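Those protein sequences? They're chains A and B, same order as listed.
Throughout the first sequence, residue numbering follows numbering that gives the first Met the number 0, covering 0 to 347 in sequence.
Throughout the second sequence, residue numbering follows numbering that gives the first Met the number 0, covering 0 to 347 in sequence.
For every residue, glycine included, the Cβ atom is placed at its ideal position computed from N, Cα and C.
All values derive from a computational prediction rather than experimental measurement.
What follows is a short report on a single structure.
Number of protein chains: 2
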Amino acid sequence: MSTSPDLPAVARSAPEIPRHYQRIVLASRPRGPVLPENFRIETVAVPALGDSEVLVRNHYLSLDPYMRGRMSAAKSYAASQELEHTMIGNTVGQVVASRHAGMAVGDYVGGLLGWAEMGVADGAALRKLDVTQVALPVYLGAVGMPGMAAWYGLTQIIQPKAGETLVVSAASGAVGSVVGQLAKLRGCRVVGIAGGAAKCAHVRDVLGFDACVDYKAGNLEADLAAATPDGVDGIFENVGGATLEAALARTNAFARIALCGLIGGFNGQEMPIKNSRILLIRRLSLRGFIVTEHMELWPQGLQELQALVAAGKLKYHHSVAQGLASAPQAFIGLLQGQNLGKQLVKLN
Amino acid sequence: MSTSPDLPAVARSAPEIPRHYQRIVLASRPRGPVLPENFRIETVAVPALGDSEVLVRNHYLSLDPYMRGRMSAAKSYAASQELEHTMIGNTVGQVVASRHAGMAVGDYVGGLLGWAEMGVADGAALRKLDVTQVALPVYLGAVGMPGMAAWYGLTQIIQPKAGETLVVSAASGAVGSVVGQLAKLRGCRVVGIAGGAAKCAHVRDVLGFDACVDYKAGNLEADLAAATPDGVDGIFENVGGATLEAALARTNAFARIALCGLIGGFNGQEMPIKNSRILLIRRLSLRGFIVTEHMELWPQGLQELQALVAAGKLKYHHSVAQGLASAPQAFIGLLQGQNLGKQLVKLN
Numbered sequence: 000m001s002t003s004p005d006l007p008a009v010a011r012s013a014p015e016i017p018r019h020y021q022r023i024v025l026a027s028r029p030r031g032p033v034l035p036e037n038f039r040i041e042t043v044a045v046p047a048l049g050d051s052e053v054l055v056r057n058h059y060l061s062l063d064p065y066m067r068g069r070m071s072a073a074k075s076y077a078a079s080q081e082l083e084h085t086m087i088g089n090t091v092g093q094v095v096a097s098r099h100a101g102m103a104v105g106d107y108v109g110g111l112l113g114w115a116e117m118g119v120a121d122g123a124a125l126r127k128l129d130v131t132q133v134a135l136p137v138y139l140g141a142v143g144m145p146g147m148a149a150w151y152g153l154t155q156i157i158q159p160k161a162g163e164t165l166v167v168s169a170a171s172g173a174v175g176s177v178v179g180q181l182a183k184l185r186g187c188r189v190v191g192i193a194g195g196a197a198k199c200a201h202v203r204d205v206l207g208f209d210a211c212v213d214y215k216a217g218n219l220e221a222d223l224a225a226a227t228p229d230g231v232d233g234i235f236e237n238v239g240g241a242t243l244e245a246a247l248a249r250t251n252a253f254a255r256i257a258l259c260g261l262i263g264g265f266n267g268q269e270m271p272i273k274n275s276r277i278l279l280i281r282r283l284s285l286r287g288f289i290v291t292e293h294m295e296l297w298p299q300g301l302q303e304l305q306a307l308v309a310a311g312k313l314k315y316h317h318s319v320a321q322g323l324a325s326a327p328q329a330f331i332g333l334l335q336g337q338n339l340g341k342q343l344v345k346l347n
Numbered sequence: 000m001s002t003s004p005d006l007p008a009v010a011r012s013a014p015e016i017p018r019h020y021q022r023i024v025l026a027s028r029p030r031g032p033v034l035p036e037n038f039r040i041e042t043v044a045v046p047a048l049g050d051s052e053v054l055v056r057n058h059y060l061s062l063d064p065y066m067r068g069r070m071s072a073a074k075s076y077a078a079s080q081e082l083e084h085t086m087i088g089n090t091v092g093q094v095v096a097s098r099h100a101g102m103a104v105g106d107y108v109g110g111l112l113g114w115a116e117m118g119v120a121d122g123a124a125l126r127k128l129d130v131t132q133v134a135l136p137v138y139l140g141a142v143g144m145p146g147m148a149a150w151y152g153l154t155q156i157i158q159p160k161a162g163e164t165l166v167v168s169a170a171s172g173a174v175g176s177v178v179g180q181l182a183k184l185r186g187c188r189v190v191g192i193a194g195g196a197a198k199c200a201h202v203r204d205v206l207g208f209d210a211c212v213d214y215k216a217g218n219l220e221a222d223l224a225a226a227t228p229d230g231v232d233g234i235f236e237n238v239g240g241a242t243l244e245a246a247l248a249r250t251n252a253f254a255r256i257a258l259c260g261l262i263g264g265f266n267g268q269e270m271p272i273k274n275s276r277i278l279l280i281r282r283l284s285l286r287g288f289i290v291t292e293h294m295e296l297w298p299q300g301l302q303e304l305q306a307l308v309a310a311g312k313l314k315y316h317h318s319v320a321q322g323l324a325s326a327p328q329a330f331i332g333l334l335q336g337q338n339l340g341k342q343l344v345k346l347n
């Protein structure tokens with residue numbers, strides 16, 4: 000392969016390119032909870048590069064709740080993940096061969112190369128990453144899609160004013176952790192909701208939220224009421240169900256709700272909003288969103304996020320599983336809330 | 000009284016001012032459905048006018064669903080109606096005595112004088128009405144608060160574009176009838192939901208909606224699906240519950256929902272939104288509103304509504320009960336959907 004006429008750059012500078020790599024495909028669709036047997040790991044050949052294509056060695060894979068929706072055949076906001084195809088997923092890595100004029104071997108890039116150790120993409124579909132200020136995996140978290148989801152929902156939907164109170168569910172997660180810190184920087188009182196004392200301690204003591212309610216302690220409504228003495232002006236919802244109900248009950252007039260995720264119902268539970276009257280009585284605004292539909296705002300948002308991380312003003316935590324084969328179990332753990340912060344898989 | 004030094008204008012031009020009038024007070028709060036005994040009619044003395052006050056003979060009283068909320072002690076968006084006080088209500092009538100420089104005997108005025116044959120208010124709290132282009136009672140309907148609720152929810156929340164499909168519940172009512180006609184004028188396909196074949200015929204044949212689904216026919220979901228072949232881009236919700244669920248199920252991505260009323264649950268039923276996931280999956284925007292909180296837009300909206308009525312482009316229908324004593328039963332009928340169009344009470 001090192002002498003292939005298709006890969007002159009590789010032949011000169013990266014003779015160590017493997018002939019094969021591993022990937023994980025969707026073997027079957029879950030009925031109820033996701034199970035390890037819904038996935039299958041397999042070895043595939045490294046393909047030859049076409050014009051303008053780039054071969055990337057993925058260093059990290061991002062695991063995100065949205066993948067659960069893609070695993071279902073049911074109509075969602077995006078096409079289903081096809082069976083027997085590589086599981087969708089955001090990745091960061093390094094170029095190991097390039098037939099794209101703008102991409103050189105050794106460049107750090109982000110892309111959507113899936114649950115796989117390597118991947119090929121048109122160079123135009125990859126984003127070059129500057130790792131001098133921000134570490135590579137952070138581009139999958141606080142300065143990536145989760146950070147942008149936080150930034151978009153907060154700045155475009157909740158539009159918080161200093162002095163207002165915000166509630167953030169899944170507060171220790173990749174999105175919630177950024178929401179709360181951005182809101183604190185904007186002068187808000189921020190109350191997180193998370194599962195367990197350890198997560199809540201992290202949310203308060205490391206991330207700097209004003210308070211964090213442990214929904215597993217069994218007093219969600221009362222504890223949230225105690226933590227929001229002035230009511231709630233904004234809700235950033237990642238979970239749904241009981242946490243959303245509890246936050247809605249505390250809303251002030253004209254509160255705004257950014258509906259980013261409903262991870263609480265990924266196994267098919269109905270997620271009713273029991274008291275729809277409160278939406279009218281309190282004149283609430285609620286909007287569901289998908290951050291990848293608002294790419295025009297990414298440059299602005301990523302610039303803010305990158306600068307804050309570089310300055311040490313936006314903290315993050317990564318839960319890192321080791322090796323591609325660990326991805327299915329790590330993903331199942333993510334859906335069960337076992338991770339703290341951004342769930343990654345270290346690949347190479 | 001005609002010689003009272005407080006009422007010089009009256010003494011000259013309106014010697015027929017009665018000494019007493021009738022009003023209806025809230026006698027008790029409903030537990031469950033509103034009952035006639037929650038009200039009491041009584042006779043009170045016409046008071047002397049203070050500086051800048053005006054005495055008005057009410058010709059029409061408006062009955063509106065919001066009054067049901069005020070009758071409860073439960074915290075709502077407005078203060079509760081106090082027991083033993085005149086029931087709140089919008090009225091139109093004529094000035095019969097005035098100590099306000101801008102108001103003359105004979106002027107037509109609108110105000111919030113309640114369930115009463117007469118009332119006193121500061122002249123500044125009354126709005127002079129031009130009855131040369133629009134008949135007096137229309138200022139309680141299509142060119143009043145219900146019309147403005149329709150105009151606000153449609154233009155400020157749904158913001159429809161030509162070619163889009165809108166669903167309007169309580170389509171034959173005071174608000175819904177205006178929503179649909181305004182949306183038709185903006186080039187939309189408009190589908191109403193109403194109860195009974197007669198109301199649906201009115202909605203289609205008189206008001207000009209493209210279709211109307213009779214929810215009492217028992218096939219709400221299937222009938223609404225058939226009437227919305229291109230999906231739904233906007234929902235103007237006056238009822239809640241099953242009609243909202245059925246409309247949500249038909250939404251296209253980025254549909255907007257104006258939550259104006261939830262009359263389906265006024266007797267205390269929970270009104271769950273069973274499938275909150277659809278708000279996320281379809282990236283819906285939902286906003287509850289109270290039109291009296293947006294008075295800055297009333298001049299603009301009323302101007303459009305008044306011009307359309309005057310030009311015959313905005314049709315309306317009034318259900319008129321005769322005499323103050325008929326108001327409680329007419330109000331109960333309104334809550335049960337017995338009216339067609341705007342429910343009024345003719346007082347004098």
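Given residue i as reference, the closest of the options once Cα atoms are compared
{"i": "residue 50 (chain B)", "options": "B:203, B:247, B:337 and B:120", "result": "B:120"}
{"i": "residue 224 (chain A)", "options": "A:295, A:245 and A:28", "result": "A:245"}
{"i": "residue 249 (chain B)", "options": "B:238, B:332, B:232 and B:141", "result": "B:232"}
{"i": "residue 58 (chain A)", "options": "A:38, A:93 and A:72", "result": "A:93"}
{"i": "residue 98 (chain B)", "options": "B:52, B:208 and B:163", "result": "B:52"}
{"i": "residue 296 (chain B)", "options": "B:137, B:143 and B:26", "result": "B:143"}
{"i": "residue 349 (chain B)", "options": "B:193, B:168 and B:67", "result": "With chain B covering only 0 through 347, there is no way to say anything about residue 349 (chain B)."}
{"i": "residue 294 (chain A)", "options": "A:81, A:29, A:324 and A:151", "result": "A:151"}
{"i": "residue 348 (chain B)", "options": "B:230, B:228, B:182 and B:136", "result": "As displayed, chain B neither begins before 0 nor continues past 347, which places residue 348 (chain B) out of reach and without an answer."}
{"i": "residue 18 (chain A)", "options": "A:169, A:213, A:32 and A:42", "result": "A:42"}
Length of the line joining the Cα atoms of residue i and residue j
{"i": "residue 35 (chain B)", "j": "residue 105 (chain B)", "result": "34 Å"}
{"i": "residue 310 (chain B)", "j": "residue 302 (chain B)", "result": "12 Å"}
{"i": "residue 9 (chain A)", "j": "residue 96 (chain A)", "result": "Residue placement at residue 9 (chain A) is flagged as unreliable, the pLDDT there being 43, under the threshold of 50; the coordinate-derived value follows with that caveat. Those two C-alpha atoms are separated by around 5 Å."}
{"i": "residue 116 (chain B)", "j": "residue 123 (chain B)", "result": "20 Å"}
{"i": "residue 282 (chain B)", "j": "residue 242 (chain A)", "result": "20 Å"}
{"i": "residue 89 (chain B)", "j": "residue 276 (chain B)", "result": "39 Å"}
{"i": "residue 215 (chain B)", "j": "residue 196 (chain B)", "result": "9 Å"}
{"i": "residue 253 (chain A)", "j": "residue 263 (chain B)", "result": "23 Å"}
{"i": "residue 322 (chain B)", "j": "residue 149 (chain B)", "result": "28 Å"}
{"i": "residue 158 (chain A)", "j": "residue 165 (chain A)", "result": "11 Å"}
{"i": "residue 81 (chain A)", "j": "residue 37 (chain A)", "result": "12 Å"}
{"i": "residue 1 (chain B)", "j": "residue 171 (chain B)", "result": "Low per-residue confidence applies at residue 1 (chain B): pLDDT is 36, beneath 50, and the placement is therefore not dependable, though the value from the model is reported in the following sentence. About 46 Å."}
{"i": "residue 6 (chain A)", "j": "residue 125 (chain A)", "result": "Summary for residue 6 (chain A): the model assigns pLDDT 41, below 50, so the residue's position carries little reliability; its value from the coordinates is reported in the next sentence. The straight-line gap from Cα to Cα measures roughly 19 Å."}
{"i": "residue 13 (chain B)", "j": "residue 44 (chain B)", "result": "In this prediction, residue 13 (chain B) has a pLDDT of 49, which is less than 50 and means its spatial position is unreliable; nothing more can be read from the coordinates."}
{"i": "residue 188 (chain B)", "j": "residue 271 (chain B)", "result": "28 Å"}
{"i": "residue 141 (chain B)", "j": "residue 173 (chain B)", "result": "7 Å"}
{"i": "residue 27 (chain A)", "j": "residue 229 (chain B)", "result": "32 Å"}
{"i": "residue 91 (chain A)", "j": "residue 136 (chain A)", "result": "7 Å"}
{"i": "residue 210 (chain A)", "j": "residue 48 (chain A)", "result": "52 Å"}
{"i": "residue 185 (chain B)", "j": "residue 163 (chain B)", "result": "10 Å"}
Interface residues of chain B facing residue i [CB-CB closer than 9 Å]
{"i": "residue 269 (chain A)", "result": "273, 274, 275 and 276"}
Supposed close pair residue i, residue j - CB separation, criterion 8 Å
{"i": "residue 69 (chain B)", "j": "residue 61 (chain B)", "result": "Residue 69 (chain B) to residue 61 (chain B), Cβ: 14 Å. No contact."}
{"i": "residue 349 (chain A)", "j": "residue 118 (chain A)", "result": "Since the displayed chain A opens at 0 and closes at 347, residue 349 (chain A) lies outside it and no answer follows."}
{"i": "residue 285 (chain B)", "j": "residue 261 (chain B)", "result": "Contact flag wrong, Cβ pair sits at about 12 Å."}
{"i": "residue 235 (chain B)", "j": "residue 300 (chain B)", "result": "The Cβ separation is near 15 Å, so there is no contact."}
{"i": "residue 128 (chain A)", "j": "residue 107 (chain A)", "result": "4 Å"}
{"i": "residue 177 (chain B)", "j": "residue 313 (chain B)", "result": "7 Å"}
Listed by chain order, chain A residues near residue i by CB distance under 7 Å
{"i": "residue 284 (chain B)", "result": "286"}
{"i": "residue 289 (chain B)", "result": "282"}
{"i": "residue 258 (chain B)", "result": "278 and 279"}
{"i": "residue 195 (chain B)", "result": "Simply none; closest approach about 25 Å."}
Where residue i meets chain B, residues with beta-carbon distance less than 8 Å
{"i": "residue 261 (chain A)", "result": "275, 276 and 279"}
Partner residues on chain B for residue i, Cβ-Cβ distance less than 7 Å
{"i": "residue 239 (chain A)", "result": "275"}
Proximity test, Cβ basis, 9 Å: residue i and chain E
{"i": "residue 243 (chain A)", "result": "Although the question refers to chain E, the structure presented lacks it and instead comprises the protein chains A and B."}
Any non-hydrogen atom of the ligand COA within 8 Å of residue i CB
{"i": "residue 254 (chain A)", "result": "For the structure depicted, the ligand COA is absent and the ligand set is empty, with no information on it obtainable."}
What are the complete alpha helix (DSSP H) segments, minimum 4 residues, inside the segment 139-187 of chain A? Listed in chain order, the complete alpha helix (DSSP H) runs (minimum 4 residues) inside the segment 139-187 of chain A are 144-151 and 173-184.
Whole runs of the alpha helix (DSSP H) within the segment 254-319 of chain A, excluding any shorter than 4 residues: As far as the segment 254-319 of chain A is concerned, its whole alpha helix (DSSP H) runs of at least 4 residues are 276-280 and 297-309.
Scan the segment 210-238 of chain A and note each continuous beta strand (DSSP E) run of 3 residues or more that stays entirely inside, going in chain order. Within the segment 210-238 of chain A, the complete beta strand (DSSP E) runs of at least 3 residues are 210-213 and 231-236.
Jot down the residue ranges of each uninterrupted beta strand (DSSP E) in the segment 16-78 of chain B, minimum 3 residues, whole runs only, in chain order. The beta strand (DSSP E) runs lying completely inside the segment 16-78 of chain B and spanning 3 residues or more are 19-25, 38-44 and 52-61, given in chain order.
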